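The structure appears below as structure tokens.
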Amino acid sequence: MAFLVVVFCIFIMGGGFYNLLKNPPSTIALGGGFSSLHPYPSEQTSTEAWVVMMLNGLAILGFYSAHRSTRILYDRGSANRWLVGGIFLILVGFWGQYILLRVKLGLL
Numbered sequence: 067m068a069f070l071v072v073v074f075c076i077f078i079m080g081g082g083f084y085n086l087l088k089n090p091p092s093t094i095a096l097g098g099g100f101s102s103l104h105p106y107p108s109e110q111t112s113t114e115a116w117v118v119m120m121l122n123g124l125a126i127l128g129f130y131s132a133h134r135s136t137r138i139l140y141d142r143g144s145a146n147r148w149l150v151g152g153i154f155l156i157l158v159g160f161w162g163q164y165i166l167l168r169v170k171l172g173l174l
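Sequential numbering from 67 applies to the sequence shown in my numbering.
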């Protein structure tokens with residue numbers, strides 16, 4: 067049950083309801099090509115929403131892995147691997163969202 071609540075929260079944070087209600091395109095035409103990032107901060111494409119959901123999922127999985135490392139008492143090496151892996155996933159999730167936002171706002 068807790069897993070379903072987490073998946074539902076990831077769906078909401080990624081803009082799942084926006085995708086269902088507005089039915090945005092997966093790509094948009096910009097200038098001379100196509101982009102999966104909408105140039106306006108208040109709009110998003112469905113591809114962008116799925117990327118945000120995956121990045122949120124990685125960050126939450128990282129928090130779970132870091133929490134799991136505290137439960138391993140008998141093997142210090144294994145606990146350290148869980149912790150480092152969790153920190154790595156958290157950083158990838160947050161860094162990915164930061165880069166996505168910077169690209170969307172045209173700052174990169």
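For glycine and all other residues, C-beta sits at the position ideal for the given N, C-alpha and C.
The structure presented is a predicted model; accordingly, all values stated were derived computationally and were not measured.
Beta-carbon separation of residue i and residue j under 8 Å?
i	j	result
A115	G82	yes
T93	F100	yes
L96	P90	no
Whose CA, out of the options, lies closest to the CA of residue i?
i	options	result
G162	M119, S101, T111 and N89	M119
N122	S108, V72 and M67	V72
L127	I138, P107, L86 and L157	L157
Between the C-alpha atoms of residue i and residue j, what's the straight-line distance to the nearest angstrom?
i	j	result
L171	S102	14 Å
P107	N85	15 Å
Would you call residue i buried or exposed, if buried means 16 or more other Cβ atoms sit within 10 Å of its Cβ?
i	result
G80	buried
G98	exposed
Cβ contact check for the stretch 123-138 and the stretch 146-155: 3 or more pairs under 8 Å:
yes
Segment contact, 8 Å Cβ cut-off, at least three pairs: the stretch 161-173 with the stretch 139-149:
no
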